[in-house]
Structures are given as structure tokens and as C-alpha cells.
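Trainee: First the structure, which I've put down as C-alpha cells, then a few questions once you've had a look.
Residue numbers (the numbering used here), protein chains in the order written: chain A, 5 to 132; chain B, 9 to 371.
Here it is as C-alpha cells:
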């Protein structure tokens, strides 16, 4: 059973989001996603300053087994990336909620309200 | 409905992550694929490969049959127990399957064929035996009353662990040279494998497989999934059927020329096509010089033209991405090439198609 913290929002494409006090949103992949992928060996992060529409490929995580796209859960501009996750992809396996991938400023903060809560995402993960 | 090996419940009890592997419900890992990989390079791991299909070929014309059926030459098999790796070709010289043939006596051979190709292989073998009007009986041993399971125990400590668990077999198997098999009662124990490490592949009655699996586990042998099996064989430079070669690919273009006995007068299925076509591609290794992961079907750009990766992954031993690739003739070991990964061109170095064996990097 994977870990789904109650304080986060989720996308059906297995990203988690945390709304920060400064209005930015921190994004990573869920525990369910890291477990399904297996040992991660490569993380490709977006450029700071780049703008992405919702559901666009924004990053790539690769395990020994397969490459998986990470999607921008909501539209926005990248403000920061977590180089530590790219330098140590296994940190995402160790704690997917600590090893965030990037932060973005949403085009529209209200978009976050449309994302899944923990209970709804748990249902998605259980069905996968 | 996925097919299951007799060890399915044992995998689930160990918390395996199960996947659909060509229609079989198989363990991809039991936690960390990379840890399982290292266990085999440094200590000892075991794999359930009971989805593969043992085939017994019995009868007065065994040798004549196999001599025409496969590209390698069974005349090399003169000592009982000796094994031979070969491709089985179609008339066009494409690879129907790759397999291991064990010589037991002049009227009895055992072949192990791949899981996903078993039905077509058996149909092909039966058809050829009938066409050539030879006295051979071909019997699959994967299902039915006389079904066999296969457990591969691999790694530098594999032999000692197997002797510990099967003391009654030790005398027969302790001094097996590489690529030999010995029969001990109902057990068929071969010093073959798919990891580049020492070890055994053990065929035994399916009903006894779970007891052996559990005994090996209790002896400290790490259960390993098909994920680690793939990175181990890739590091060892061993081809995977369906990825590195298939019915459209000549063994000469898949790095298997060493398994094709062309020179003598013997005829075999596909020989005339291979003779006519010759080698058209180089089959070599790649090591990625930057971060990233090489994968099958990525395009390789060389000064002699474009090629293609057939198998790629991350090498836990080298801590770099590696691949096997089919490249234009003229590309040499040591050349620098570029690989198109999602539109970016990343530099890679051409190597011999072998990266790690016996616990060590060799590339």
C-alpha cells in the first residue's frame, strides 16, 4: 500500500502538488509512481523560467526498467528545480514526497482546486 | 488469463512486484532490482525461469535432425552432458529462436527454448521432423504430468549454496565445467546461465520446485526478478530474443556469427540465405558518456550512417547507461557516436558487446 499524504493535491498522472505560502506549487511524483517504476537512475528536470501548459511533458524520470514522462499538473512557469533529485535519483525512491522535482508559479491558482485530494488519488492508485 | 509458473504463490509470498511478461505472470523484482543485480554479481541470487520450455528430443535420428535444424553444429557435442548455444533459423536466415541444446546420449538430447516462442518452435520442429522423415520424438516438458520447473542460481557463491541445499548432487555437479549438465535422479543440473556469473540452472519436477526455492532462500540466496535478469544479461552481452534478434534478423547481424557453423559441408535451414547475404551490420556495445538512459529502438548516428539500439538500460555495475546496437559496417570499437534520446543527441562510445562478467566491469 503506497503512502498518500492528506495535505497534498494529486494529478491522475501520478504527480503530487504542495501549495507554498509564496503562491508557488512544489511538484513531485507520488510514492505509488516511484514504486511502479522501480529503482530510478535518471531524472531530467525542466529549465527555470520555462512555461508549460497543463498536461504537457515537463520532466522525465527513468528507472532501470522504463522511462516515464512527468506532466505539468497545472499550467505555470517553472521557478526552481531540485538538482539534488537529479544528482541522486534514488532519493525519489527513498521518499517521493521529500525529493520534489520542481516548483512553478501557476497561471491560475484556482486550477489547484480542481486536482484530486488524497482520498480520490488513493482510489486512482489502487485501480492502477 | 495470465499463465503462472508453479512458483507463483512463492513469489507473491515474498512480496514480488508481478508483471505480465509475454503472457506470464512473473516477478519483475522483490523490492529493488538494483540490489538483486548486485546480489548476483557479488554473492548469489536465484530466478524462476519456469516459463521457459524444456524440450526432450529422443530417437535414433536425434543427431541427424538437430544437425539440419540449427545453425550451430551438434557434432561439437561429443561428451555426455555438454551444452551448445545455437540459433534456429528459418529458410530466409532469420532467427526463429535461440536455444541451448544439451547432449545426453546419441538418442537423447534436451533443448531449452524461450517462453514466448515455445509454441511456434515446437510446431516448427515437429514439421521439420516429419518433412525429413526422421525417427525423433519431440516432447515439451513445461506443462502436463511430467512438467519441469527451472530455477537458475547464479553468482560467485551459487555453487556452494546449491551443494549445501542439494548435498546428494554435489559429487555429480561440483566439477562441472562451464556449459555442462549432469542428471541426478529427477534433477537436471547445468552449469549454464544468463548473467555472466558462475552458477547452475536446475530443472526439476514442478511439484518439487517450491521446496527447493524455499530451501535456497533459507540458505541465503536472494530471490531475483526478471528485471535484474535483464540488466545482468545485458551487462554480460547476451542477446535477448525479440529485442536483439527475431525472424527478420540474420544471426550474422546480431553478434551471433560465433554460433553459426558455416564452414563445413553440413547443410542446415537458413544456410544458403546466410551465405548469399553475408554480414550486413555490426553488432556492438555502447556506453553513454553523459547522464541518461539508452533504450531499445533509439537511433544511433555514426559517420558510416544510422544504426539502432536493440537493448539498452542502466548498468548497475558500471553506473552508466549501456546498450547493444545494430550499427553500419565500418563502425569500430572506440568510435564516438551520437544517440537520439527524445530529440537530444547524446554522445556514446562504441565498445565490444560485453560490459561485465564475473563481478567485474570489462568494457
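Glycine included, every Cβ here is placed at the ideal spot set by N, Cα and C.
It should be emphasised that the depicted structure is a prediction, and the values quoted were computed from it without experimental measurement.
Compare the C-beta of residue 20 of chain B against all C-beta atoms of chain A and say whether one is closer than 8 Å.
Mentor: The residue labelled residue 20 of chain B in the question sits at position 12 within the second chain. No, no contact with chain A.
Trainee: Is the Cβ-Cβ distance between residue 15 of chain A and residue 110 of chain A less than 8 Å?
Mentor: Taking the first chain and counting its residues from 1, one reaches residue 15 of chain A at position 11. Taking the first chain and counting its residues from 1, one reaches residue 110 of chain A at position 106. No.
Trainee: Comparing C-alpha positions only, which one of B/297, B/267 and B/292 sits nearest to residue 372 of chain B?
Mentor: Because chain B spans 9 through 371 in this model, residue 372 of chain B falls outside it and cannot be assessed.
Trainee: Against chain B, does residue 68 of chain A count as a neighbour if the rule is that its beta carbon must be under 8 Å from one of theirs?
Mentor: Counting from 1 along the first chain, the entry for residue 68 of chain A is found at position 64. With 8 Å as the cut-off, residue 68 of chain A counts as an interface residue toward chain B.
Trainee: If we ignore side chains and look at the alpha-carbon of each, how far apart do residue 86 of chain A and residue 329 of chain B end up?
Mentor: For the purposes of this step, residue 86 of chain A is taken as the residue at position 82 of the first chain. For the purposes of this step, residue 329 of chain B is taken as the residue at position 321 of the second chain. The alpha-carbon atoms of residue 86 of chain A and residue 329 of chain B are separated by roughly 22 Å.
Trainee: Which chain B residues are close to residue 71 of chain A, counting only those with a beta carbon under 7 Å from its beta carbon?
Mentor: If you number the first chain from 1, residue 71 of chain A lands on position 67. Here the neighbours are 301 and 303.
Trainee: Please compile the residues from chain A whose C-beta is within a distance smaller than 7 Å of the C-beta of residue 37 of chain B.
Mentor: For this step, residue 37 of chain B is matched to residue 29 along the second chain. Residues of chain A passing the Cβ test: 42.
Trainee: Only counting the same chain, and skipping five residues up and downstream in sequence, which positions put a Cβ closer than 7 Å to that of residue 114 of chain B?
Mentor: Residue mapping note: residue 114 of chain B aligns to position 106 of the second chain, counting from 1. So the qualifying residues of the chain are 70 and 71.
Trainee: What residues in the stretch 47 to 60 of chain A have a beta carbon less than 8 Å from any beta carbon of chain B?
Mentor: From the stretch 47 to 60 of chain A, only 48 have a Cβ closer than 8 Å to chain B.
Trainee: Which chain B residues sit within Cβ distance under 7 Å of residue 45 of chain A?
Mentor: One-based indexing of the first chain puts residue 45 of chain A at position 41. In chain order: 301 and 322.
Trainee: Cβ of residue 152 of chain B within 7 Å of any heavy atom in the ligand ATP?
Mentor: As far as ligands go, the structure on display features none, and thus does not contain the ligand ATP.
Trainee: At the level of alpha carbons, what is the spacing between residue 248 of chain B and residue 196 of chain B?
Mentor: Your numbering for residue 248 of chain B matches position 240 in the second chain. Your numbering for residue 196 of chain B matches position 188 in the second chain. Looking at the two C-alpha atoms, the distance is approximately 24 Å.
Trainee: By alpha-carbon positions, which one of B/336, B/318 and B/358 ends up nearest to residue 342 of chain B?
Mentor: As a working mapping, residue 342 of chain B is identified with position 334 in the second chain. Considering only alpha carbons, the answer is B/358.
Trainee: Does the beta carbon of residue 318 of chain B come closer than 8 Å to any beta carbon on chain A?
Mentor: On the second chain, residue 318 of chain B is found 310 positions in, with the first residue counted as 1. Chain A contact via Cβ: absent.
Trainee: So residue 220 of chain B and residue 159 of chain B are supposed to be a Cβ contact under 8 Å. How far apart are they, rounded?
Mentor: Taking the first residue of the second chain as position 1, residue 220 of chain B is located at position 212. Taking the first residue of the second chain as position 1, residue 159 of chain B is located at position 151. Between residue 159 of chain B and residue 220 of chain B the Cβ distance is about 6 Å, and since that is below 8 Å, they are a contact.
Trainee: With C-beta atoms as the reference, is residue 79 of chain A less than 8 Å away from residue 46 of chain A?
Mentor: Counting from 1 along the first chain, the entry for residue 79 of chain A is found at position 75. Counting from 1 along the first chain, the entry for residue 46 of chain A is found at position 42. No; because the gap between Cβ atoms is not below 8 Å, this pair is not in contact.
Trainee: Report buried or exposed for residue 351 of chain B, applying the criterion of at least 16 other Cβ atoms within 10 angstroms of its Cβ.
Mentor: Working through the second chain from its first residue, we reach residue 351 of chain B at position 343. Classification for residue 351 of chain B: exposed.
Trainee: Over the uninterrupted beta strand (DSSP E) stretch that includes residue 125 of chain A, give me the two end residues.
Mentor: Counted from its first residue, the first chain places residue 125 of chain A at position 121. First-last for residue 125 of chain A: 122 to 131, but that is the alpha helix (DSSP H), not the beta strand (DSSP E).
Trainee: Residues of chain A with a CB under 9 Å from the CB of residue 41 of chain B: which are they?
Mentor: Working through the second chain from its first residue, we reach residue 41 of chain B at position 33. Under the 9 Å cutoff, chain A gives 42, 43, 67, 68 and 69.
Trainee: Please specify which runs of the beta strand (DSSP E), each continuous and at least 3 residues long, are wholly inside the stretch 332 to 361 of chain B, giving them in chain order.
Mentor: DSSP runs (the beta strand (DSSP E)) wholly in the stretch 332 to 361 of chain B: 344 to 349 and 352 to 359.
Trainee: Starting from the C-beta of residue 68 of chain A, find all residues in its chain whose C-beta is less than 7 Å away, skip the five residues before and the five after it, and write them out in chain order.
Mentor: Your numbering for residue 68 of chain A matches position 64 in the first chain. For residue 68 of chain A, where only same-chain residues beyond five positions count, the Cβ hits under 7 Å are 42, 43 and 45.
Trainee: What does residue 91 of chain B pair with, by DSSP beta-bridge criteria?
Mentor: As a working mapping, residue 91 of chain B is identified with position 83 in the second chain. For residue 91 of chain B, which the question treats as bridged, DSSP gives the partners B/110.
Trainee: For residue 235 of chain B, which residues in chain A fall below 7 Å Cβ to Cβ?
Mentor: As a position in the second chain, residue 235 of chain B is number 227, starting the count at 1. What residue 235 of chain B touches in chain A: 42, 68 and 69.
Trainee: Would you mind telling me which residues of chain A sit closer than 8 Å to residue 239 of chain B, beta carbon to beta carbon, in chain order?
Mentor: Working through the second chain from its first residue, we reach residue 239 of chain B at position 231. Ordered by position in chain A, the residues that pass the 8 Å Cβ test against residue 239 of chain B are 68.
Trainee: Report yes if the C-beta distance between residue 77 of chain B and residue 169 of chain B is below 8 Å; otherwise report no.
Mentor: Along the second chain, read from residue 1 onward, the residue named residue 77 of chain B stands at position 69. Along the second chain, read from residue 1 onward, the residue named residue 169 of chain B stands at position 161. Cβ atoms of residue 77 of chain B and residue 169 of chain B: not closer than 8 Å.
Trainee: Nearest by alpha-carbon distance to residue 52 of chain B: which of B/171, B/111, B/333 and B/100 is it?
Mentor: For the purposes of this step, residue 52 of chain B is taken as residue 44 along the second chain, with counting starting at 1. When each option's Cα is compared against that of residue 52 of chain B, the closest is B/171.
Trainee: Tell me residue 156 of chain B's beta-bridge partners as DSSP assigns them.
Mentor: As a first step, residue 156 of chain B is located in the second chain; it is residue number 148 there, counting from the start. Answer is B/213, bridged to residue 156 of chain B.
Trainee: Given residue 83 of chain A, which residues of its chain have a CB within under 7 Å of its CB, disregarding the five upstream and five downstream residues?
Mentor: In the first chain, the residue the question calls residue 83 of chain A occupies position 79. Around residue 83 of chain A: 28, 52, 107, 108 and 109.
Trainee: Who pairs with residue 320 of chain B in a beta bridge, going by DSSP?
Mentor: For the purposes of this step, residue 320 of chain B is identified with residue 312 of the second chain, where counting begins at 1. Beta-bridge pairing links residue 320 of chain B to B/331.
Trainee: With respect to the beta strand (DSSP E) encompassing residue 1 of chain A, which residues constitute its N-terminal and C-terminal limits?
Mentor: In the structure as shown, chain A starts at 5 and stops at 132, and residue 1 of chain A therefore has no counterpart that could be examined.
Trainee: Considering only residues of the stretch 22 to 78 of chain B, which uninterrupted alpha helix (DSSP H) runs meet the minimum length of 4 residues and lie entirely inside it, listed in chain order?
Mentor: Qualifying alpha helix (DSSP H) stretches, in chain order: 41 to 50 and 70 to 77.
Trainee: Find the nearest neighbour of residue 366 of chain B within the set B/209, B/201 and B/95, judged by alpha-carbon distance.
Mentor: Counting from one through the second chain, the residue named residue 366 of chain B turns up at place 358. Comparing Cα positions, the closest option is B/201.
Trainee: What residues in its chain sit with their C-beta under 6 Å from that of residue 87 of chain B, if we drop five residues either side in the sequence?
Mentor: What you label residue 87 of chain B is simply residue 79 of the second chain in a count that begins at 1. Around residue 87 of chain B: no qualifying Cβ.
Trainee: Which class does residue 48 of chain A belong to by DSSP, given the choice of helix, strand or coil?
Mentor: Along the first chain, read from residue 1 onward, the residue named residue 48 of chain A stands at position 44. Correct three-state label for residue 48 of chain A: strand.
Trainee: Suppose the cutoff is 7 Å on Cβ atoms and the five residues either side in sequence are ignored; what does the same chain contact list for residue 263 of chain B look like?
Mentor: In the second chain, the residue the question calls residue 263 of chain B occupies position 255. Result list for residue 263 of chain B: 247, 291 and 361, in chain order.
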